[in-house]
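Those protein sequences? They're chains A and B, same order as listed.
Residue numbers for the first sequence follow the working numbering, beginning at 1 and rising by one.
Residue numbers for the second sequence follow the working numbering, beginning at 1001 and rising by one.
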Amino acid sequence: MDYRTQHLATLRASLLTMAYPVQFVVDLPVAVAGWVSEMLSSRQSLLEENASLKVQQVLLKAQLQRFVALEAENMRLRALLDSPFRIGERVLIAELLSVDLDPFSRKIVIDKGSTDGLFPGQPLLDADGVIGQVLHVAPITSTAVLITDPSHALPVQVARNGQRAIAVGSAAGNCLDLPYILNTADVREGDVLITSGMGGRFPPGYPVGRVTSVVRDPSQPFAQVRAETSSHPERSRQVLLLWPRNDQAASLDPVPTVVVAPPVPTSPTVSPPNSASSLPAPPAPVVTANQPAVHRP
Amino acid sequence: MTSASSQSWWVIFFTLVAAFVLTLLPLPGWAGPYHPKWVMLVLLYWSMALPHRVGIGVAWLVGLFLDVIEEALLGQNALSLVLVVFIVTTLHQRLRLFPRWQQALLVLALTFIHQTIGLCVRTTIGCAPVGGGYWLPVLTSALFWPWVFAVLRDVRRRYLVN
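See below:
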């Protein structure tokens, strides 16, 4: 019932709310330690941090200027092409609670819930790329599954040439497996992977990772491709929640869903090969062709 | 009488909450798989010492809560804890007389059952755990049993839980 349908979602949410005191108690020492170190940090180090942040902000602003121009140009070109695709999403920052869930899956607890408008399946980012998606929502907390969880699959594409693939989490470190790439496909070490927006769950164009190894065995139908995530969930305490824009979500809805709901395993024999090879995806070619230009610095 | 009874419930409740806190406690990466099944150990103690209070019903409720806390499939821990507590309540009179190491061996077997059921459920829904680390809690739970037993027995005697 819990696995196939959503009938128990309310029960689960209320139990999760009851679990919040326990999670809060566990998180407390870490939160207090952070607060104390903030209190005790010297003026000198604060000034240094402030200076470095200022430098960083100037750099980012400079990049953003270019980005704004590019986005405007991109939108104009898309308007010429009559593409329904739009950039621009609402975001919210959430904080991780440092609690240890089951060590054999990659899941996290965040301190925002349905009162903040979260919904299951919502994408989660950090400063460097996609982290995961929201799994269960309670009023004040939610749990999320990371893209490195073995049961999670994410539609990606190679930023260099638009080659589409599925990135499945592997339990080992920050690694992703790309199991359904043909031996002949053009994928190289160092290729940047971005979300492809297929499946309509993750908006297109966000960085996912970098290919670290490609092993081509002629006796196997698919190459063994491994990638390293660009996000670092173990380092950052803050994550970014994303609300994809409605018109974009609507335009992507008719595309067959590639990302299976998180608790559902991507049974390797069924869904990913379809998506990798035979997805029709009407708006997709436009998206793939233009996407790298927008998001590459 | 009623106040004594409600006090017993509070003590049992707080030991279970402590077990949940221990379950969620973040450990360094290498220690993660060694996590003993704290909630199961506490439940086992109470169902052995006070089978008229902590039985299958309590085990089921605690299991559901553990499922939500551990983000497991709803009912996975509930099922295995009910089975384990059923075994203990059936045998509780014999188990109380066992020496500590023999009880620890039984805890080893019970944790093995618990983990096996967990493995079956996970494999069925396609989230099979990777690596042999999955079986480490069986060993650590058995190793921690004598201490859990001693601590909870002292708690029970100090607060006159019965």
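All C-beta atoms, glycine included, are put in the ideal place defined by N, C-alpha and C.
Nearest in C-alpha terms to A:V91, of all of A:A79, A:M75, A:R78 and A:L118, is A:L118. Put simply, the segment 199-212 of chain A does not touch the segment 60-74 of chain A. Fewer than three CB pairs are less than 8 Å apart. Taking 7 Å as the threshold, the shortest C-beta distance from B:G1055 to chain A does not fall below it. Per the DSSP secondary-structure output, B:C1127 pairs with nothing in a beta bridge. Of all alpha-carbon atoms in A:L242, A:M198 and A:A172, the one lying nearest the alpha-carbon of A:E228 is that of A:A172.
If you draw a straight line from the Cα of A:R235 to the Cα of A:V134, it comes to about 19 Å. Less than 7 Å divides the Cβ of A:V239 from the Cβ of A:D126. Nearest to B:F1098 by C-alpha distance, out of B:P1146, B:E1070 and B:R1122, is B:P1146. With respect to chain B, the C-beta atom of A:T17 has no partner C-beta closer than 7 Å. Measuring C-alpha to C-alpha distances from B:L1081 to each of B:L1073, B:V1058 and B:V1068 identifies B:V1058 as the nearest.
The contact set of A:K107 on chain B, defined by CB atoms closer than 8 Å, consists of E1071 in chain order. Annotation for A:W243: the continuous beta strand (DSSP E) segment containing it runs Q238 to W243. A:D128 and A:R201 have their alpha carbons spaced roughly 19 Å apart. Under DSSP, no beta-bridge partner is assigned to A:R201. Under the rule that a run must span 4 or more residues, the alpha helix (DSSP H) segments found entirely inside the segment 2-85 of chain A read 9-40 and 43-81. Sequence-ordered contacts of the segment 1028-1049 of chain B with chain A read G1032, P1033 and H1035 [C-beta pairs closer than 7 Å].
Taking B:W1135 as the centre and dropping the five residues before and after it, the same chain places the C-beta of Q1115 closer than 7 Å to its C-beta, in chain order. For A:V211, the secondary structure class from DSSP, reduced to helix, strand or coil, is strand. If you draw a straight line from the Cα of A:P120 to the Cα of A:H136, it comes to about 6 Å.
Close partners of B:P1026 in chain A (Cβ separation under 7 Å): S98, V99 and D100.
For B:F1013, not one C-beta of chain A is nearer than 7 Å to its own C-beta. Annotated as proximal: A:G113 and A:A138, with beta-carbon spacing under 7 Å. Contact of B:F1065 with chain A by beta-carbon distance below 8 Å involves L15, M18 and A19. Rounded to whole angstroms, the gap between the alpha carbons of B:R1096 and B:T1140 is 21 Å. Around the Cβ of B:F1013, a 10 Å sphere holds fewer than 16 other Cβ atoms; the residue is exposed. Counting the other CB atoms within 10 Å of its CB gives B:H1035 a total of 16 or more, which places it among the buried residues. Residue pairing by DSSP puts A:D126 in a beta bridge opposite A:G129.
For B:T1140, the uninterrupted alpha helix (DSSP H) run begins and ends at L1136 to R1158, by DSSP. With a threshold of 7 Å between beta carbons, B:F1020 makes contact with chain A. Neighbours of A:V36 in chain B, taken as residues at a C-beta separation under 8 Å, are lacking, since the least C-beta distance is about 18 Å. Taking a cut-off of 8 Å on C-beta distances, the segment 160-177 of chain A touches the segment 216-230 of chain A, as three or more cross pairs fall below it.
Chain B places a beta carbon closer than 7 Å to that of A:L8, counting this residue as a contact. Within chain A, R12, L15, L16 and A19 have C-beta atoms less than 7 Å from the C-beta of B:V1068, given in sequence order. A:E49 and A:S41 have their C-alpha atoms some 11 Å from each other.
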